[in-house]
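Peer 1: Residue numbers (this note's numbering), protein chains in the order written: chain A, 1 to 333; chain B, 1001 to 1252; chain C, 2001 to 2307.
The beta-carbon is built from N, C-alpha and C at its ideal position, and this holds for glycine as well.
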Amino acid sequence: MLSDKHLPAFYGLGALILVVLPWILTAADSSYLISTATRLVIFAIGAVSLDLLIGYTGLVSFGHAAFFGVGAYVVGILAFHNFEETTFLGFDGTLTGLVVLPLAILISAVFALIIGALALRTKSVYFIMITLSFGQMLFFLFVSLEAYGGDDGMMMFEGRNVLPILDLNDRITFYYFCLAIFTAFFVFCHRLVRSKFGRVLAAIRQNEDRMTSIGIRPYTAKLLIFVIAGAGAGLAGALMANHTEFVSPGLTHWTKSGDLMIVVILGGIGTLIGPVMGAFVFLLLEEFLPIIFHELGMDLLKEHWRVVFGPILILIVLFAKTGLYGLIFRREG
Amino acid sequence: MLDIQNLSKSFGALTATDNVSLTVKQGTIHALIGPNGAGKTTLISQISGYLTPDSGTITFDGQDLLALPAHKRPHAGLVRSFQITSVIPEFTVRDNVALVLQSLNNQVFRIFAKASADREERAKAEAILERTGLATEADTRAQNLAHGQKRQLEIAMALAADPKLLLLDEPMAGMGVDESRSLTDLLDSLRDTTTMLLVEHDMDVVFSLADEISVLVYGKIIATDAPEAIRTNRDVQEAYLGTHELHDEGAA
Amino acid sequence: MTQLFFEQLLNGLQLGMFLFLVSAGLTLVFGFMNIINLAHGSLFMIGAYAVAVLTNLTGSFFVGLILSFPVVAAFALVIELLIIRPLYHRDHLDQVLATFGLILFFNEGVSIVFGRTPLFLNVPEALSGAIQITETFSYPLYRITIIAVGLMVAAILWFIIVKTRTGMRIRAGTTNPEMIRALGVNIQALNTTIFVVGALFAGLAGGLSGPLTSVEVGMGENLLILSFVCIVIGGIGSIRGALLGALTVGLVDTLGRAFLPDLLGQFLDPATANGIGAALSSMSVYLLMIIVLIFKPTGLFPVARAA
């Protein structure tokens, strides 16, 4: 068992693995897994952003995939209009990454601001259900967008966003691009949770009622972190749209919000590295459980690996609340 | 300093605050006493903004207090402590105090300022802990403190806000004799810098600290006077001390 | 037009009844046990599959429906004992995640046993016709039966909760959990009973929905989320709120889908009206919920909870 003091070394090791991963995979003749590694990095951004809410502020948001979807749709819609050479509300479509990605972050943040401003009027179980409902609302909104493929979503026919120098359509370049963004986001969150604002969030989580009497309005602080987390999820969604070159309402389905929560709890809530490990294990299970079941001759479970995953999740919730983080690290104090 | 005029608040049929008028003069310790259920905490909660009165006015330091949202009142210099201890359990004692300093310095939304790197804040927090007798516990998590120490922390957090007026809701609740005495001494040492409105059951504490005492019975102020005069006030004896006698008979 | 309106009104009422059957259990379980149970939608699905299978076995929908009760109850009992009970004193996050795990398990479990192809049920012979309501307007008897069943359940629940000793305990436990413990009521048994009864309502709704829709994996989930909307609108813990919320959501959703595009067509060109109408009507219940919560953050009939 390691202690918190080993975290920097652990971060370093993790970073090293992620950096050399493409070489290892290529050398092992499994370069198709680079795509999985890219998903891992993108998924980790979404999961870390959700943990800012669940773990650090105590806000159980059950609609986080909505912002993921908004970010993805910004990319998709702009790509669509670029391809069709039409306009959206008077704006031309574009594939220019330096425009699209910041815009995706901004628009997700605006959605988070509006949704958060309403949802944060409520607390506890109401908040869970409201965020769930907002997620569903956006899901149905995207479904009803017939122009953008409705139920089926839409392809990005011209490929990924375009950046100067970098060719994102090269899968290794794209992996490193996502890794760089993930790293920047992780460092940002690392500073955030240790900042003065982070201390306020921790205080709200532990004793929200006390805040007013020391001159802090919890609502404003919660709204700010909700917007930051929403923007983070939007960023992840924008990357995911680029990754798959495909956008559909399925991205915002409530089970996707559930998946994100699972990743957070699997890794360890209230930590930053936890959700990353959670994303790693989640994708590992998704990728390899079917194969393992196939090898074991249990083909029935191959397609339905979640029938095993459900009970595993229940067991983790009931008996291993600290998640993978708790298995590896012992918290100080 | 604090001027309450004709304040009323009802919960359904129960009138918890009944046309209360009360003035706390600058530089004094004003005690508010009364039997259980007299509406003392309800009154404190209206002053601190946790409850909104049905009618009446509260003026604090020349400004209309009711126009000020609850979370802004500490910034104006009006700070309360709680009858039931309410601290941030997983924070260290020092961080509990530092959080208050951060809030009062308007640094709530500092996203990039590392919390543990602010030496000035840390020194200030420790100075306050020194004053409140918690210096040795600075690194203890609040949840691991003894009950009396938690009460002290509660006072330390209130003091960290550098209040002009301190609303103390039964600060001695659940304290032992020694702890209670040292807290009384602490409050006494603050009387030159801080005005206080003190709700307290312990009459020894009240009479040793208060410059003025108001008696609240069934939501009404029945008397406001100097301690000696309150002691001999007939209405007070009847209404307040009388109920005590009744309690004693009932218990016997 | 008025005929169409009347038909949609009844359709909305019927959706409202399904929502009420699901919401009732959800709101009771939350109000009394302080448990948020996502797997409630799975119980709806289990009810539907149980009725489908048992109907095929026995050849009678009614026998199938009756026999499905013990099946659903057994599932509910096992879920309560194994999963829900350890969650009583956990936070809502744990409850959400564990019951989400249950959904994964049941969805995949059902698709292993029954495959991905939906099952279909016929409307039972005895209820197959339509009722002539006016000379020109008729409405399917089966759908009317569903409305009647919903109203009956509402009446029975009202009677139990308002008139009986058990109901008094439930109400007391919802507003003041400590007191009911202090009174020495066997809270464990009451918890289990409430959970199983709530599950039976959900299972009943699932069974009844079989002949109207296809019986398939994940069928309960949309209804579950709509039920959340119902009880949030109505105020969590309140049966009256659940009924009102369910009827409102049922009507708004059905009428919105039916008439909103036409209504917008009066002001906008047809293509835009259709687009916006479709978007708006699919979001209408959520918009409704948002409006309610802006004015009443704890719903229309909040249950006062003692700390």
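Only counting the same chain, and skipping five residues up and downstream in sequence, which positions put a Cβ closer than 6 Å to that of C/LEU2028?
Peer 2: On the third sequence, residue 2028 of chain C is found 28 positions in, with the first residue counted as 1. Closer than 6 Å at Cβ, skipping near neighbours: ILE2194 and GLY2198.
Peer 1: Count the other CB atoms within 10 Å of the CB of B/GLU1245; is the residue buried (16 or more) or exposed (fewer)?
Peer 2: What you label residue 1245 of chain B is simply residue 245 of the second sequence in a count that begins at 1. Bear in mind that the predicted position of B/GLU1245 carries a pLDDT of just 44, short of 50, making it unreliable; the figure below should be weighed with that in mind. When all chains shown are included, B/GLU1245 counts as exposed.
Peer 1: Looking at C-alpha atoms only, which residue of C/SER2042, C/VAL2123, C/ARG2116 and C/GLN2003 is the closest neighbour of C/GLU2135?
Peer 2: The residue you call residue 2135 of chain C lines up with position 135 of the third sequence. Among C/SER2042, C/VAL2123, C/ARG2116 and C/GLN2003, the Cα nearest to that of C/GLU2135 belongs to C/GLN2003.
Peer 1: To the nearest angstrom, how far is the alpha carbon of A/THR335 from that of B/LEU1165?
Peer 2: Residue 335 of chain A cannot be examined here, being either before or after the span of chain A that is shown, 1 to 333.
Peer 1: Can you name the residues of chain C whose CB is closer than 8 Å to the CB of A/THR122?
Peer 2: As a working note, residue 122 of chain A is residue 122 in the first sequence. Those are LEU2293, PRO2297 and THR2298, listed as they occur along chain C.
Peer 1: From the beta carbon of C/PRO2211, is the nearest beta carbon of chain A less than 7 Å away?
Peer 2: Residue mapping note: residue 2211 of chain C aligns to position 211 of the third sequence, counting from 1. Chain A, which has no Cβ nearer than 7 Å to the Cβ of C/PRO2211, makes this no.
Peer 1: Check the Cβ-Cβ distances between C/SER2227 and every residue of chain A, and say whether any is below 7 Å.
Peer 2: Your numbering for residue 2227 of chain C matches position 227 in the third sequence. No, C/SER2227 does not count as interfacial toward chain A.
Peer 1: For B/GLU1212, which beta-bridge partners are listed by DSSP?
Peer 2: For this step, residue 1212 of chain B is matched to residue 212 along the second sequence. B/HIS1030.
Peer 1: For a quick check, are the C-beta atoms of A/ILE342 and A/GLY234 less than 7 Å apart?
Peer 2: Absent from the structure is residue 342 of chain A, since the part of chain A shown begins at 1 and ends at 333.
Peer 1: Output the boundary residues of the beta strand (DSSP E) element that contains A/LYS5.
Peer 2: Counting from one through the first sequence, the residue named residue 5 of chain A turns up at place 5. A/LYS5 -> no beta strand (DSSP E), and no H or E assigned at all.
Peer 1: Closer than 7 Å by beta-carbon distance: list the chain B residues that pair up with A/LYS196, in chain order.
Peer 2: The sequence position of residue 196 of chain A within the first sequence is 196, counting from 1. Result: GLN1102, GLN1107, ARG1110, ALA1113 and ALA1115.
Peer 1: Which term fits B/GLY1062, buried or exposed, when burial requires 16 or more other beta carbons within 10 angstroms of its beta carbon?
Peer 2: Position 62 of the second sequence holds residue 1062 of chain B. Answer is exposed; the Cβ neighbour count stays below 16.
Peer 1: When Cβ atoms are compared, which residues of the region 2197-2223 of chain C fall closer than 7 Å to chain A?
Peer 2: Result list empty, no residue passes.
Peer 1: Tell whether a beta-carbon distance below 7 Å holds between A/CYS178 and A/LEU272.
Peer 2: Here residue 178 of chain A is taken as the residue at index 178 of the first sequence, counted from 1. Here residue 272 of chain A is taken as the residue at index 272 of the first sequence, counted from 1. No, these two residues do not count as a Cβ contact at 7 Å.
Peer 1: Assuming A/ALA131 and A/PHE62 form a contact by the criterion Cβ under 8 Å, report the distance between their Cβ atoms to the nearest whole angstrom.
Peer 2: Mapped onto the first sequence, residue 131 of chain A falls at position 131. Mapped onto the first sequence, residue 62 of chain A falls at position 62. The residue asked about is misnamed: residue 131 of chain A is Thr in this sequence, not Ala. Indeed they touch by this definition, with Cβ atoms about 5 Å apart.
Peer 1: Among B/ILE1111, B/PRO1069 and B/ALA1098, whose alpha-carbon lies nearest the alpha-carbon of B/VAL1087?
Peer 2: The sequence position of residue 1087 of chain B within the second sequence is 87, counting from 1. Nearest of B/ILE1111, B/PRO1069 and B/ALA1098 to B/VAL1087, Cα basis: B/ALA1098.
Peer 1: Please identify the residue among A/GLU245, A/LEU251, A/SER248 and A/GLY278 whose C-alpha is closest to the C-alpha of A/MET261.
Peer 2: Position 261 of the first sequence, counted from the start, is the residue given in the question as residue 261 of chain A. Residue A/GLY278 is the option with its Cα nearest to A/MET261.
Peer 1: At a Cβ threshold of 7 Å, is C/TYR2286 touching chain A?
Peer 2: Residue 2286 of chain C sits at position 286 when you count from the first residue of the third sequence. True, the Cβ-Cβ gap to chain A drops below 7 Å.
Peer 1: So, using beta-carbon positions, are C/PHE2030 and C/ILE2236 closer together than 7 Å?
Peer 2: Taking the third sequence and counting its residues from 1, the one referred to as residue 2030 of chain C is at position 30. Taking the third sequence and counting its residues from 1, the one referred to as residue 2236 of chain C is at position 236. Against a cut-off of 7 Å, the Cβ pair of C/ILE2236 and C/PHE2030 comes out as a contact.
Peer 1: Kindly give me the distance between the Cβ atoms of A/PHE111 and A/PHE67, rounded to whole angstroms, as I take these residues to be in contact under 8 Å.
Peer 2: Counting from one through the first sequence, the residue named residue 111 of chain A turns up at place 111. Counting from one through the first sequence, the residue named residue 67 of chain A turns up at place 67. With a Cβ gap of about 6 Å, A/PHE111 and A/PHE67 count as contacting.
Peer 1: Over what stretch of residues does the alpha helix (DSSP H) that includes A/ARG171 continue unbroken?
Peer 2: One-based indexing of the first sequence puts residue 171 of chain A at position 171. Unbroken alpha helix (DSSP H) run through A/ARG171: 171-194.
Peer 1: Are the beta-carbon atoms of B/LEU1022 and B/SER1208 separated by less than 7 Å?
Peer 2: As a working note, residue 1022 of chain B is residue 22 in the second sequence. As a working note, residue 1208 of chain B is residue 208 in the second sequence. Not in contact: B/LEU1022 and B/SER1208 (Cβ atoms no closer than 7 Å).
Peer 1: Would you mind giving the Cβ-Cβ distance between A/ILE70 and A/LEU138, rounded to the nearest angstrom? I have them listed as a contact below 8 Å.
Peer 2: For the purposes of this step, residue 70 of chain A is identified with residue 70 of the first sequence, where counting begins at 1. For the purposes of this step, residue 138 of chain A is identified with residue 138 of the first sequence, where counting begins at 1. Rather than Ile, the amino acid found at residue 70 of chain A in this sequence is Val. Contact holds; Cβ gap of about 7 Å.
Peer 1: In terms of residue numbering, what span does the beta strand (DSSP E) encompassing B/MET1196 cover?
Peer 2: Here residue 1196 of chain B is taken as the residue at index 196 of the second sequence, counted from 1. Residues 1195-1199.
Peer 1: Helix, strand or coil for B/ASP1225 per DSSP?
Peer 2: Working through the second sequence from its first residue, we reach residue 1225 of chain B at position 225. The answer is strand: DSSP assigns B/ASP1225 an E or B state.
Peer 1: Do you know offhand how far C/SER2000's Cα is from C/GLY2059's?
Peer 2: Residue numbering for chain C in the displayed model covers 2001 to 2307; residue 2000 of chain C lies beyond these limits and cannot be assessed.
Peer 1: By the three-class DSSP mapping on this structure, what secondary structure does B/THR1017 have?
Peer 2: Here residue 1017 of chain B corresponds to residue number 17 of the second sequence, with the count starting at 1. Here B/THR1017 sits in strand by DSSP.
Peer 1: Would you please verify whether the beta carbon of C/LEU2263 is less than 7 Å from any beta carbon of chain A?
Peer 2: Sequence index remark: in the third sequence, residue 2263 of chain C carries index 263 (1-based). It does not; no Cβ of chain A falls within 7 Å.
Peer 1: Please report the straight-line C-alpha distance between B/MET1157 and A/ILE204, rounded to a whole angstrom.
Peer 2: The residue given as residue 1157 of chain B occupies position 157 in the second sequence. The residue given as residue 204 of chain A occupies position 204 in the first sequence. Their Cα atoms are separated by approximately 16 Å.
Peer 1: Give every residue of the same chain whose Cβ lies closer than 7 Å to the Cβ of A/PHE80, excluding the five residues on either side of it in the sequence, and list them in chain order.
Peer 2: For this step, residue 80 of chain A is matched to residue 80 along the first sequence. Closer than 7 Å at the Cβ level, and outside the excluded window around A/PHE80, lie GLY93, TYR148 and MET154.
Peer 1: Is it right to say B/HIS1147 is buried, meaning 16 or more other beta carbons lie within 10 angstroms of its own, or is it exposed?
Peer 2: Start at 1 with the first residue of the second sequence, and residue 1147 of chain B comes out as number 147. When all chains shown are included, B/HIS1147 counts as exposed.
Peer 1: Could you tell me whether any Cβ in chain A is nearer than 7 Å to the Cβ of C/ILE2079?
Peer 2: Within the third sequence, the letter at position 79 stands for residue 2079 of chain C. False, the Cβ-Cβ gap to chain A never drops below 7 Å.
Peer 1: Beta carbon of C/GLY2047, beta carbon of C/GLY2150: below 7 Å?
Peer 2: On the third sequence, position 47 is the one that residue 2047 of chain C refers to. On the third sequence, position 150 is the one that residue 2150 of chain C refers to. No. Outside cutoff.
Peer 1: Thinking C-alpha only, which one of B/VAL1236, B/ASP1202 and B/ASN1106 is nearest B/ASP1169?
Peer 2: Taking the first residue of the second sequence as 1, we reach residue 1169 of chain B at position 169. Measuring from the Cα of B/ASP1169, the nearest candidate turns out to be B/ASP1202.
Peer 1: Going along chain A in order, which residues have a C-beta closer than 8 Å to the C-beta of C/ASP2269?
Peer 2: For the purposes of this step, residue 2269 of chain C is identified with residue 269 of the third sequence, where counting begins at 1. Going along chain A, no residue has its Cβ under 8 Å from C/ASP2269, so there is no contact; the nearest lies around 15 Å.
Peer 1: Taking 7 Å as the CB-CB limit, is B/HIS1075 close to chain A?
Peer 2: Indexing the second sequence from 1 puts residue 1075 of chain B at position 75. Yes, B/HIS1075 counts as interfacial toward chain A.
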